[in-house]
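Shown next, in C-alpha cells, is the structure this report addresses.
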Amino acid sequence: PNVKLVTSDNEEFVVDFRIAKMSVTVSRLMEAMNMSETDDASLLSNSIPLPNVTKAVMARVIEWCEKHKNDEPKEEKENDKRGRTTHVVSDWDKEFLKNDEFGRLCQLMGAANYLEIKGLFNDISQTIANMIHGKKSDEIAEMFNIHCDLTEAEKKEIRKKTAWCED
Amino acid sequence: MHAQSPFPIEQLPQELVRMIVGYLPWKTNLKLRLVSRQFKQYVDEHLWKPLAYPLLSSLQLLMWKPDEKLPGTAVMTTISVPKKRQIVFRLRLASQMQLAHALEHNLWSNFESYEFNFESMDKHGDLLDHVRNCIGTRVDNLQIQRAESYLMPLPIEDIAKIIEGVRFRQLGLCHVPVNDDDVCFLEQQVFPSLDELWLNNIRMEMTDPSNFLLMISTYVRTVRILVSGVSDMDMSHIEFAELVVKMMSNKTDWLLAHDVHCSALCTPSSINLLREKLPKLGKKIWFQTNNSSGELDYTINEHRVRANDAYFGIKHVTREHEKA
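So the sequences go chain by chain: A and B. Each residue of the first sequence is one higher than the one before, counting from 950 in the working numbering. Each residue of the second sequence is one higher than the one before, counting from 77 in the working numbering.
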C-alpha cells in the first residue's frame, strides 16, 4: 500500500507505507486520520500534509528512507566516556550527505527533526559535528557566517580560564 | 566534500544547535565558546546537563582536627577525575570562581587522573556547596576516612553537603567511628545505590552492630570487612557465623571477612555451620575469611569449599576466576 504526502509547496509524493511509517510524525498523523495498512480506501482518500517540508527536501528525505527501510531498529546509545553523543555514519550515508552545502544540510536536519526520523537526524548532526571538529574558532565563525560579538577582552578572559586545555 | 557556503546557523532552531554541540568533543566545544556569546551559552548550557556517566572516579573525605584547642572537624576533600573527563569537570570548576581558585592550586596529576585537594572548615563551608554542584550525580567510589589519631564523630552535615543526591557504587569507611545517627544517614543517602562496601577498622559505636551488618546486606552485594592490627572494630560479641548466613541470604553474595577478631568464627561448630548452610542458599555465593583451622577441599552444590590454617572459603564454581 501507498501513502500520499503533500509538501509545503503542494507537491504530492506517493510513498510505500513502510517508508511513511519511518517518520514518527507521519505515523501519528496516519493514526489520527484512521489510515491503516489494511484499509486501501483510507489510504487513497487521504493525504498527509507536511507544511514544514519543501519538495526539494522531501525528495532527499525519501531517498534516505528508501535506502534504510529494511534497517533493524538501532539501540539507543548513551553518551560516550568523554561525555559526547556519538553516532557512526555509514559509508552510504556519508556519500549521500557529502555534496550538500551547509544550508541544505540544515534544512534536511530541520525536516528530519520535524518528521522525527531519528536515524537521518543523527546522521546529519554527526556530519555537521564532523565539519566543525578540529577547526579554530575563527574558522567555525566563518563557516557558519557568524559575527563574533565577543570583545577581545572577553575572549582573553575565556582563554585565560581554560588555558590548562590549550594544545 | 561539503561546500562551505556561508549560512547563518542562527536560522536553525536553537534546540538543534544544542544537539550538534552535544556531538562535539569537549576540546572543540572550548573553541566554540570563542565564536560568539550565543555559542558560548550553548556550550555552557551543555556543560551543566545531567551526565549519563560518573564524572569523578572517586571522592575521598578525610576527617582530621586542625587545632587541638578549637572545636570542630576539618574535612580534607580529594576529588579524582579521570583524565578523559577532566575538561568537563574543570570547565564546571572554572565557572565557580571561589572553588576554581581553591582547587586549581592544589592539583596533582598521575598517569590516569587528576586529583584536586582542598580543606574545608567552617569558614570555607561554601566550598562544599560548589563542589556538590560540580561533581554530578554519580561517583564510582566514596571513601570516608579519619586521621589515625583523631576520634571525633563524623561531621555528617559537611559530608551531606557534598554527597546529597549523589549515587555511589562503592563506599569505603576507614577508621571512622560509626554511631546510630551515622547508620541512619548512610542508609538514607548512600546504601541504596551501593554495590560494594568496604568496612576497614571502623569503630562500631552503634547500638546493635549485628543489625547494622544485616541492614547492609539488604542493599549491598559485595561486603569486605577488614580488620588489622590494633583495631576499634570489636566484633567479639557477635555470633558471626549465624550472621554471615543471614547476610548471605539477603542481597550480599560476596563477603570477605579478613582478620575479624571474632572467636565464634574460628570454632569447628561455626565453620561447620557455614559449610552446611552457605552452599544451600540457592545463590552463587563467595565467602572468604582467614580465620580457620584444618584442611578441606571438596565441592558441594556447585560450591567449592576449601580451608587450610590461614584460609576458609566457599565459592561457587562459576566464580573461580574472580579475584579478591
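Virtual Cβ for every residue (Gly too), placed ideally from N, Cα, C. Note that the structure is a prediction, hence the values are computed from the model and not measured.
Using CA atoms only, rank isn't needed, just tell me which of the options is closest to residue i.
| i | options | result |
| --- | --- | --- |
| A317/B | T283/B, R94/B, L127/B, I347/B | I347/B |
| N276/B | S345/B, L302/B, V254/B | L302/B |
| T974/A | R967/A, E1050/A, Y1063/A, N959/A | Y1063/A |
| I1107/A | R113/B, T394/B, R395/B | R113/B |
| D120/B | R166/B, Q136/B, G148/B, L137/B | R166/B |
| D965/A | S985/A, A981/A, N959/A, D958/A | S985/A |
| L131/B | L357/B, N287/B, R243/B | R243/B |
| I232/B | N326/B, V252/B, L183/B, S134/B | V252/B |
| T153/B | L108/B, R208/B, N186/B | R208/B |
| E961/A | I1089/A, S976/A, A1005/A | A1005/A |
| E188/B | S286/B, V254/B, K160/B, I155/B | K160/B |
| D1087/A | F115/B, I314/B, K356/B | F115/B |
| K399/B | L354/B, K322/B, T298/B, A386/B | T298/B |
| M228/B | D258/B, K353/B, D216/B | D258/B |
| K1110/A | G148/B, E371/B, K107/B, M280/B | K107/B |
| N193/B | L137/B, G248/B, R222/B | L137/B |
| E1021/A | T1100/A, A1090/A, V952/A, G1068/A | G1068/A |
| P998/A | T1076/A, K953/A, L1046/A | K953/A |
| E1091/A | M291/B, L110/B, G212/B | L110/B |
So residue i contacts chain A; which residues on that side make the cut at Cβ distance below 7 Å?
| i | result |
| --- | --- |
| Q219/B | Correct list: empty, because the minimum Cβ distance to chain A is about 22 Å. |
| I163/B | C1114 |
Answer with yes or no whether the minimum CB distance from residue i to chain B is below 9 Å.
| i | result |
| --- | --- |
| A1090/A | yes |
| W1113/A | yes |
| L978/A | no |
| S1086/A | yes |
| F966/A | no |
| H1096/A | yes |
| K970/A | no |
| L1099/A | yes |
| K1023/A | no |
| F962/A | no |
| I1081/A | yes |
| R1009/A | no |
| F934/A | Outside the shown range of chain A (950 to 1116) lies residue 934/A, about which nothing can therefore be said. |
| I1107/A | yes |
| T1035/A | yes |
| C1055/A | yes |
Where does residue i sit, in a helix, a strand or coil, going by DSSP?
| i | result |
| --- | --- |
| R297/B | coil |
| R245/B | strand |
| W1013/A | helix |
| W124/B | coil |
| V952/A | strand |
| N1096/A | First, the residue type needs correcting, since residue 1096/A is His and not Asn in the sequence shown. If DSSP states are grouped into helix, strand and coil, H1096/A belongs with coil. |
| M152/B | strand |
| E191/B | strand |
| E961/A | strand |
| H1036/A | coil |
| Q1056/A | helix |
| F985/A | A small correction: the amino acid at residue 985/A is Ser; Phe does not occupy that position in the sequence shown. S985/A falls in the coil class under three-state DSSP. |
| S286/B | helix |
| T1111/A | coil |
| V1002/A | coil |
| M971/A | coil |
| H206/B | helix |
| P82/B | Here the model assigns P82/B a pLDDT of 48, short of 50, so the residue's position is not dependable, and the following value carries that caveat. In this structure, P82/B counts as coil in the three-state DSSP scheme. |
| S345/B | helix |
| A383/B | strand |
| Q1075/A | helix |
| V1090/A | The question names Val, but residue 1090/A in the sequence shown is Ala. Looking at A1090/A - three-state DSSP - the assignment turns out to be helix. |
Which residues of chain B have a Cβ atom closer than 7 Å to the Cβ of residue i, listed in chain order?
| i | result |
| --- | --- |
| A1078/A | I96, Y99, L100 |
| K1110/A | A170 |
So, is the C-beta of residue i closer than 9 Å to a C-beta in chain A?
| i | result |
| --- | --- |
| L290/B | no |
| V111/B | yes |
| L132/B | no |
| F115/B | yes |
| T104/B | yes |
| A170/B | yes |
| R166/B | yes |
| V138/B | Per the sequence presented here, residue 138/B reads as Leu, with Val not at that position. So, not an interface residue. |
| K107/B | yes |
In chain A, which residues lie less than 8 Å from residue i when you measure between Cβ atoms?
| i | result |
| --- | --- |
| P89/B | G1059, N1062 |
I want to verify the contact list: residues of chain C whose CB lies under 9 Å from the CB of residue i, in sequence order.
| i | result |
| --- | --- |
| A150/B | Included in the structure are the protein chains A and B, with no chain C among them. |
Taking C-beta pairs closer than 9 Å, name the residues in chain B that residue i reaches, listed in chain order.
| i | result |
| --- | --- |
| K1104/A | L110 |
| S1074/A | L92, M95, I96, G98, Y99 |
Ignoring anything shorter than 3 residues, give me the beta strand (DSSP E) runs that lie fully in the region 244-279 of chain B, in order along the chain. 272-276
Whole beta strand (DSSP E) runs in the region 210-235 of chain B with 3 or more residues, listed along the chain? 214-222
Write down every uninterrupted run of the alpha helix (DSSP H) in the region 93-137 of chain B whose length is 4 residues or greater and which is fully enclosed by it, in chain order. 102-108, 113-123
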